[in-house]
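Reading the sequence shown from the start, the letters are residues 89 to 464 in the numbering used here. Positions of the beta carbon are idealized from the N, C-alpha and C atoms, including for glycine.
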Amino acid sequence: MFKLSLQAIGNIKNEAQILQLVKRINARQLATAAQRKPEKAKDTAPKESRSFMYSDVLTAEQKDTLNMLIDPVTKFFGVATNVLNNGRFGMSAALSGTMRAVTKKATEHATTRVQFGRKIDTYGTIQEKLARMAMLHYVTESIAYCLSGNMDSGSVDYHLGAAIFKEFASESAWCVADEAIIQILGMGFIRLFVALTRTQFAGSHLRELQKAFKQPTAHLSLILEEVTKRGLRTVGLGGTPNLSNHVHPSLTPSAALAAKSVAQFGPAVEALLVKYGRGIIEQQFLLNRVASSAIDIYTMVVALSRATRSLQAGTPSAQHEALMVKVWCSEASARVSMNLGALSNSESLDNFSTLSQIAKNVCEAGGFVQPNPLGI
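Set out below in structure tokens:
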């Protein structure tokens with residue numbers, strides 16, 4: 089197949105002249121010449137390219153020589169695949185180095201920056217960021233060494249690993265860079281305000297109950313109301329708000345998911361306050377989950393409100409909006425259950441402690457604790 093550019097050939101102005109040129113080049117045995125449609129080149133300079141397919145151009149001797157040169161190991165597809173694999177590996181390995189440099193910079197900032205009279209590496213939010221950055225780099229670098237070992241040993245079947253490496257390294261590098269920017273610029277911490285505002289409200293309610301129990305005869309109605317509410321909640325009755333009257337009928341299942349999340353949220357926050365008291369402000373691993381849950385609940389409610397308005401008004405996009413809200417509420421409700429469940433799950437609490445220790449190790453080492461596996 090020949091590709092001839094009208095722009096590249098000076099005096100040739102039309103397709104007939106191109107055909108004549110091709111025929112002169114292959115006059116010996118040009119059996120067929122089939123034109124294809126013009127190809128639109130994605131270049132800055134406009135030009136037109138056409139493909140001409142022809143057969144029986146090579147002699148038998150030339151064909152034998154070509155077959156000898158292109159053996160099974162160097163088939164065109166195999167060559168292209170090897171190029172892709174090497175490119176994927178090289179780019180991903182470079183991203184591993186980038187993640188290392190970024191994590192070191194974030195660690196340096198965390199160990200020197202002082203906020204509220206303490207270095208910020210002592211706060212749970214920063215510790216979780218540093219620990220996850222270190223883990224992502226560790227796994228990415230591990231894949232790099234594993235793949236390089238396969239390549240050096242002569243393995244040719246590592247295309248799946250190279251593809252996984254590229255995808256994982258790309259996403260991890262974005263995450264690490266984003267977390268480093270958030271930490272160094274002091275962004276992304278407003279979720280603690282969200283969590284503490286909600287716990288402050290719950291704390292005020294608990295203080296009222298505490299005062300009531302000190303003088304039960306003077307606050308008997310409040311005590312009975314609270315005991316009844318908590319008793320019904322314990323046996324699975326009450327405690328879940330009914331939002332179906334406030335949304336379009338088609339969104340009732342989604343509203344039920346939002347109501348379920350609201351019902352889970354209150355007791356979870358109260359349990360934290362009872363367990364930690366004023367020390368709750370130091371439990372940032374937990375507060376971040378509280379904030380994430382509050383954000384998901386709020387977004388579910390406002391999305392339901394907007395979709396209900398569109399459905400009631402009969403706007404052209406109403407059904408499309410309803411579809412988006414249904415999926416959003418389904419996934420947001422699942423996240424709320426997961427985050428609130430982590431507040432009391434022993435395995436999750438152990439993981440939080442482990443993340444804190446990982447971050448401390450990273451800060452003490454000035455970046456990374458693990459040595460190069462090659463000993464270099």
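Reduced DSSP secondary structure (H/G/I, E/B, other) of residue i
| i | result |
| --- | --- |
| residue 316 | Note that residue 316 scores a pLDDT of 49, beneath 50, so its modelled location is shaky and nothing firm can be said. |
| residue 203 | strand |
| residue 336 | coil |
| residue 415 | helix |
| residue 354 | helix |
| residue 457 | coil |
| residue 329 | coil |
| residue 385 | helix |
| residue 404 | coil |
| residue 371 | coil |
| residue 365 | helix |
| residue 439 | helix |
| residue 421 | helix |
| residue 116 | Model confidence at residue 116 stands at a pLDDT of 44, short of 50, so the residue's coordinates are unreliable; what they give is reported in the following sentence. Three-state result, residue 116: coil. |
| residue 463 | coil |
| residue 342 | helix |
| residue 444 | helix |
| residue 432 | coil |
| residue 93 | The predicted position of residue 93 is uncertain, since its pLDDT is 41 and thus under 50; no value can be drawn from it. |
6 Å Cβ shell around residue i - same chain, five flanking residues per side excluded
| i | result |
| --- | --- |
| residue 306 | Low confidence applies to residue 306: its pLDDT is 46, below 50, so where it sits in the model is not reliable enough to give any reading. |
| residue 315 | Any reading at residue 315 must be qualified, since the residue scores a pLDDT of 47, below 50, and its modelled position is unreliable; no value is offered. |
| residue 233 | 461 |
| residue 328 | 347, 351 |
| residue 265 | 190 |
| residue 406 | 398, 399 |
| residue 271 | 194, 217 |
| residue 444 | 215 |
| residue 203 | none |
Same chain, Cβ closer than 8 Å to residue i, neighbours up to 5 away in sequence not counted
| i | result |
| --- | --- |
| residue 360 | 287, 368, 371, 374, 378, 431 |
| residue 436 | 429, 430 |
| residue 336 | 395, 396, 399, 400, 410 |
| residue 192 | 454, 455, 456 |
| residue 223 | 446 |
| residue 236 | 177, 181 |
| residue 421 | 345, 346, 348, 349, 384, 388 |
| residue 131 | A caution first: residue 131 carries a pLDDT of 45, below 50, which makes its placement in the model unreliable, though a value can still be read off. Excluding residues within five positions, none has a Cβ falling inside 8 Å. |
| residue 238 | 246, 249 |
| residue 341 | 414 |
| residue 330 | 347 |
| residue 423 | 380, 381, 384 |
| residue 267 | 194, 217, 220, 221 |
The ligand MN heavy atom lying under 6 Å from the CB of residue i
| i | result |
| --- | --- |
| residue 405 | With respect to the ligand MN, the structure shown offers nothing to examine, as it has no ligands at all. |
Which listed residue (the options) has its alpha carbon closest to that of residue i
| i | options | result |
| --- | --- | --- |
| residue 230 | 256, 380, 282, 443 | 256 |
| residue 253 | 174, 419, 362 | 174 |
| residue 441 | 187, 219, 148 | 219 |
| residue 388 | 438, 355, 349, 357 | 349 |
| residue 269 | 383, 363, 187, 416 | 187 |
| residue 273 | 208, 385, 251 | 208 |
| residue 354 | 438, 414, 425 | 425 |
| residue 221 | 331, 259, 204, 203 | 259 |
| residue 376 | 277, 331, 448, 365 | 277 |
| residue 339 | 381, 415, 443 | 415 |
| residue 244 | 357, 206, 172 | 172 |
| residue 448 | 199, 433, 149 | 199 |
| residue 408 | 391, 423, 331 | 391 |
| residue 332 | 393, 366, 358 | 393 |
| residue 419 | 343, 251, 210, 363 | 343 |
Contacting residues, own chain, Cβ-Cβ under 7 Å from residue i (five flanking each side not counted)
| i | result |
| --- | --- |
| residue 319 | Low per-residue confidence applies at residue 319: pLDDT is 46, beneath 50, and the placement is therefore not dependable enough to give any value. |
| residue 263 | 224 |
| residue 241 | none |
| residue 458 | 226 |
| residue 195 | 218, 450, 451, 454, 455 |
| residue 412 | none |
| residue 282 | 379, 382, 383 |
| residue 197 | 271, 272 |
| residue 261 | 183, 186, 187 |
| residue 356 | 428, 431 |
Complete runs of the alpha helix (DSSP H) confined to the region 197-279 [at least 4 residues]: Counting only runs of 4 or more, we get 212-240, 247-272.
Do the region 202-216 and the region 178-190 meet, that is, are 3 or more Cβ pairs less than 8 Å apart? The region 202-216 makes no contact with the region 178-190: fewer than 3 CB pairs, one atom from each, lie closer than 8 Å.
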